[in-house]
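Peer 1:
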Amino acid sequence: MFRSVQRVRYPPFDHENSDPEGIPLVEVLLESESPPPPEFKIGNDKSWILEWRAENENDAGLPIITKEVTYTTLPFLMRTRNGWYIEPDPMHKIARKTIFPGVLILVVALLMHALEPALINIGFIPDLLFTPISIGPLDYPLMILIAFPVFVTPILVRVFANIKDIRRQNEYISNPLTNPEIEIGELCTEFVDLTKIKMPKGIEAKRARVQVGVAIPEREALLSAMGRKRFGQPSPGMSTELPERRISTADEHGTGVGESMPMTVGRGRLLLLEPMRVQDFGEWTKVRDLPIRMLGPSKPWPGTIYSAMIAVHWEIVI
Numbered sequence: 011m012f013r014s015v016q017r018v019r020y021p022p023f024d025h026e027n028s029d030p031e032g033i034p035l036v037e038v039l040l041e042s043e044s045p046p047p048p049e050f051k052i053g054n055d056k057s058w059i060l061e062w063r064a065e066n067e068n069d070a071g072l073p074i075i076t077k078e079v080t081y082t083t084l085p086f087l088m089r090t091r092n093g094w095y096i097e098p099d100p101m102h103k104i105a106r107k108t109i110f111p112g113v114l115i116l117v118v119a120l121l122m123h124a125l126e127p128a129l130i131n132i133g134f135i136p137d138l139l140f141t142p143i144s145i146g147p148l149d150y151p152l153m154i155l156i157a158f159p160v161f162v163t164p165i166l167v168r169v170f171a172n173i174k175d176i177r178r179q180n181e182y183i184s185n186p187l188t189n190p191e192i193e194i195g196e197l198c199t200e201f202v203d204l205t206k207i208k209m210p211k212g213i214e215a216k217r218a219r220v221q222v223g224v225a226i227p228e229r230e231a232l233l234s235a236m237g238r239k240r241f242g243q244p245s246p247g248m249s250t251e252l253p254e255r256r257i258s259t260a261d262e263h264g265t266g267v268g269e270s271m272p273m274t275v276g277r278g279r280l281l282l283l284e285p286m287r288v289q290d291f292g293e294w295t296k297v298r299d300l301p302i303r304m305l306g307p308s309k310p311w312p313g314t315i316y317s318a319m320i321a322v323h324w325e326i327v328i
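Going by our numbering, the first residue of the sequence shown is number 11, and it counts up by one from there.
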């Protein structure tokens, strides 16, 4: 039995607005029948971190988990990160960027409306901004009528973009593409040689790249390491586990908070590729005369290794 230490603080959904130190650092002593990979560390203790190292004398008090360590791609990754995918509508990105300004404008408008008498008395804001507008039998503050559409617009944009994405997914489900024929030559963490690409009729490969990332940790392993019950209160950074029939294929482990990707259809396999929250990639390489050599990420990364807490996954995107 091999023993090693894993230290994980995996970023949740919307990690740009999360404080890493507010999310617990999970440390476990992993027992497995397979040897661990060479030691590596991504991040640092004051931020998001993924570390896999050898056991030492200071690790005696860590919780012990017995899980498999393998170089074979895990089933949930093969199910969610293998095959044809549809690029989400660009409007999703625009909507995400405008949500925060919209909320901020609405909050400021409500606050100013609450302080309206004081602001008018001191002459800080002209009376015109507080002039009520009559719509039917009711009067509405002008400022609220201006702020509310700004707040609602990102939501309407997301709804419209989701409708377009669902329509494209249904079109693919009704007329799916056959799998391409791909052959790989020499490969390592620095480069991958692509020797053959045969696409279905009417499809042309224009560019390709190598990317690597760390998959979402297994929910059961995280809860066990933190001493929490399955149906109890989740740890910070984790969402409540959903009933199986409602689980999104890409978020089945319940470690995402919020909508991590556009809306998917309820039948067939996942057709929208969820980005890994810890990932890096090489530059795009144009697919012209084969073979081609695709360079890996500029920063060093460990090779493929899968476990319940840390799963380093390499893939090719064409």
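Just so it is clear, CB atoms sit at the ideal spot from N, CA and C, and this is done for glycine as well.
With burial defined as no fewer than 16 other Cβ atoms inside 10 Å of the residue's Cβ, what is the status of F161: buried or exposed?
Peer 2: Here residue 161 refers to the residue found at position 151 of the sequence shown. Classification of F161: buried, given that the 10 Å Cβ count is 16 or more.
Peer 1: Please say whether A321 and L84 have beta carbons closer to each other than 8 Å?
Peer 2: Here residue 84 refers to the residue found at position 74 when the sequence shown is read from its first residue. Here residue 321 refers to the residue found at position 311 when the sequence shown is read from its first residue. Result yes, Cβ atoms of L84 and A321 sit closer than 8 Å.
Peer 1: Could you check how far apart the C-beta atoms of I192 and I207 are, in whole angstroms? I think they sit under 8 Å.
Peer 2: The count along the sequence shown starts at 1 and reaches residue 192 at position 182. The count along the sequence shown starts at 1 and reaches residue 207 at position 197. Right, the Cβ-Cβ distance comes to about 6 Å (below 8 Å), so this counts as a contact.
Peer 1: My guess is that M304 and V220 are in contact by the Cβ rule of under 8 Å, so how many angstroms apart are they, rounded?
Peer 2: Residue 304 sits at position 294 when you count from the first residue of the sequence shown. Residue 220 sits at position 210 when you count from the first residue of the sequence shown. Confirmed, about 5 Å.
Peer 1: Across which residues does DSSP place I194 in a beta bridge pair?
Peer 2: Within the sequence shown, numbered from 1, the residue matching residue 194 stands at position 184. For I194, which the question treats as bridged, DSSP gives the partners L204.
Peer 1: Give the range of the beta strand (DSSP E) segment to which P127 is assigned.
Peer 2: Taking the first residue of the sequence shown as position 1, residue 127 is located at position 117. Counting along the chain, P127 falls outside any beta strand (DSSP E), though it belongs to the alpha helix (DSSP H) covering 126-131.
Peer 1: Short of 7 Å in beta carbon distance, which residues of its chain neighbour K309, apart from the five on each side in sequence? Order them along the chain.
Peer 2: Translated into the one-based positions of the sequence shown, residue 309 becomes position 299. D290.
Peer 1: Helix, strand or coil: which one does DSSP assign to P100?
Peer 2: Reading the sequence shown from its first residue, position 90 is the one you call residue 100. P100 falls in the coil class under three-state DSSP.
Peer 1: Select from V79, N54, E61 the residue whose C-alpha is nearest the C-alpha of A318.
Peer 2: Taking the first residue of the sequence shown as 1, we reach residue 318 at position 308. Comparing Cα positions, the closest option is V79.
Peer 1: Considering only the beta carbon of each residue, do A70 and E49 sit closer than 8 Å?
Peer 2: Taking the first residue of the sequence shown as position 1, residue 70 is located at position 60. Taking the first residue of the sequence shown as position 1, residue 49 is located at position 39. Result no, Cβ atoms of A70 and E49 do not sit closer than 8 Å.
Peer 1: Leaving out five residues before and five after L116 in sequence, what residues of the same chain have Cβ atoms less than 6 Å from its Cβ?
Peer 2: Locating residue 116 in the sequence shown gives position 106, where the first residue counts as 1. The residues are A157, F161.
Peer 1: Which two residues bound the contiguous beta strand (DSSP E) that contains V222?
Peer 2: Reading the sequence shown from its first residue, position 212 is the one you call residue 222. Its beta strand (DSSP E) spans residues 217-224.
Peer 1: Just the C-alpha distance for R287 and E61, rounded to the nearest angstrom, thanks.
Peer 2: Walking along the sequence shown from the start, residue 287 turns up at place 277. Walking along the sequence shown from the start, residue 61 turns up at place 51. If you take the alpha carbons of R287 and E61, they lie about 16 Å apart.
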